[in-house]
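Student: Shown below is the structure under consideration.
Residue numbers (this note's numbering), protein chains in the order written: chain A, 1 to 133; chain B, 1001 to 1178.
Below, the structure written as structure tokens:
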């Protein structure tokens, strides 16, 4: 199978280990086989090991090591935030974060909502069964 | 940036003033050591080899740590070193790509230890320099230069995000494709 996601200048990646876990960063330059220079609008530009990064499908059109303002403008143009939040991977992460941040009352509300949904589904099911019989 | 094992120090010293020589010449060295105490010791080691002055008849005037000016830009570092192997002394020139000089020097020490089994005390750094892209000599550094750097991550090891979630056995074989 050919590769689709490359380590290149402008590739957006997700940090999957360490202090910056969960942050979306842009690869801004490549140091060597294992390390890249990485930048995000709200962090100081720094180096990161590729083992800590998961590449995404999103790329940003930038030159090597752009100024912070250029990077932010390019990220706006590529619409990184919306593309990420609408992608299936991004949506799954958002749901995970929501679930982790629930309090007891929220879980109670979810329980009621699940029961209601199951009730509606079962009603539809019995209707279809009657039609088939 | 993180912790570096080797720090760069600037050490300034001279021989003690005597009646014959009330204003002795002042010498300055830039060297790498793990801490300040070792840096001062290294200073006397090198100075003894070049001038007729020792720690007992000399004084250190200043010692300052030198920090990286631009730790967010990637540079090619060329390091000239002299090391002691099992059969004698040799000179070497090595190149490293890194964001800081301390990082490059640390890479050098670990590489010398792994490739040539040379321990840190047997290595003397003669000179370090930031090499512009077109003057680099080693293919390994040259292949990461240029604008069109692009490569896929071939073998993707899935790592648990914290060491607490590590398991010895897995229910199914993880997908290694990126």
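No residue lacks a Cβ here, since even glycine has one placed at the ideal position from N, Cα and C.
1) Flag residue 46 of chain A as yes if its beta-carbon sits less than 9 Å from any beta-carbon of chain B, otherwise no.
2) What does DSSP give as the partner residues of residue 39 of chain A in its beta bridges?
3) Tell me whether residue 1001 of chain B sits in a helix, a strand or coil according to DSSP, three-state version.
4) To the nearest angstrom, how far is it from the Cα of residue 1036 of chain B to the Cα of residue 1010 of chain B?
5) Which ranges does the beta strand (DSSP E) cover as unbroken runs of at least 3 residues, wholly within the region 1040–1126 of chain B, from first to last along the chain?
6) Residues of chain A with a CB under 8 Å from the CB of residue 1097 of chain B: which are they?
7) Per DSSP, which one or two residues make a beta bridge with residue 90 of chain A?
8) Nearest to residue 17 of chain A by alpha carbon, out of B:1040, B:1162, B:1021, B:1029?
9) So what does DSSP say about residue 1139 of chain B, is it helix, strand or coil?
10) I'd like to know if residue 1154 of chain B contacts chain A, where contact means its C-beta is closer than 9 Å to some C-beta of that chain.
11) Please list, in chain order, the chain A residues whose beta carbon lies closer than 7 Å to that of residue 1073 of chain B.
12) Can we say the region 1019–1027 of chain B touches the region 103–111 of chain A, given the rule of at least three CB pairs closer than 8 Å?
13) Residues in its own chain within less than 7 Å of residue 1059 of chain B by CB, not counting five upstream and five downstream?
14) Let's test the definition: count the other Cβ atoms within 10 Å of the Cβ of residue 33 of chain A and tell me whether it reaches 16, buried, or not, exposed.
15) Answer yes or no: does any C-beta atom of chain B fall closer than 9 Å to that of residue 3 of chain A?
16) Mark residue 58 of chain A as exposed unless 16 or more other C-beta atoms lie within 10 angstroms of its C-beta, in which case mark it buried.
17) With contact counted as at least three CB pairs below 8 Å, one residue from each stretch, are the region 1103–1112 of chain B and the region 1078–1088 of chain B in contact?
18) With 9 Å set as the bound, which would you pick, yes or no: does the beta-carbon of residue 1001 of chain B sit closer than that to a beta-carbon of chain A?
19) In three-state terms, what does DSSP make of residue 8 of chain A?
Tutor: Taking the geometry as given:
1) yes
2) A:26
3) Only weak support is given to the placement of residue 1001 of chain B: the predicted model assigns it a pLDDT of 47, under 50, and the question is left unresolved by the model.
4) 10 Å
5) 1058–1066, 1075–1084, 1089–1098
6) 31, 32
7) BP columns for residue 90 of chain A are empty, so no partner.
8) B:1162
9) helix
10) yes
11) 65
12) no
13) 1013, 1014, 1016
14) exposed
15) yes
16) buried
17) yes
18) Low local confidence applies: a pLDDT of 47 at residue 1001 of chain B is under 50, so the model's placement there is unreliable, with the coordinate-based value given in what follows. It does: the Cβ of residue 1001 of chain B has a partner Cβ on chain A nearer than 9 Å.
19) strand
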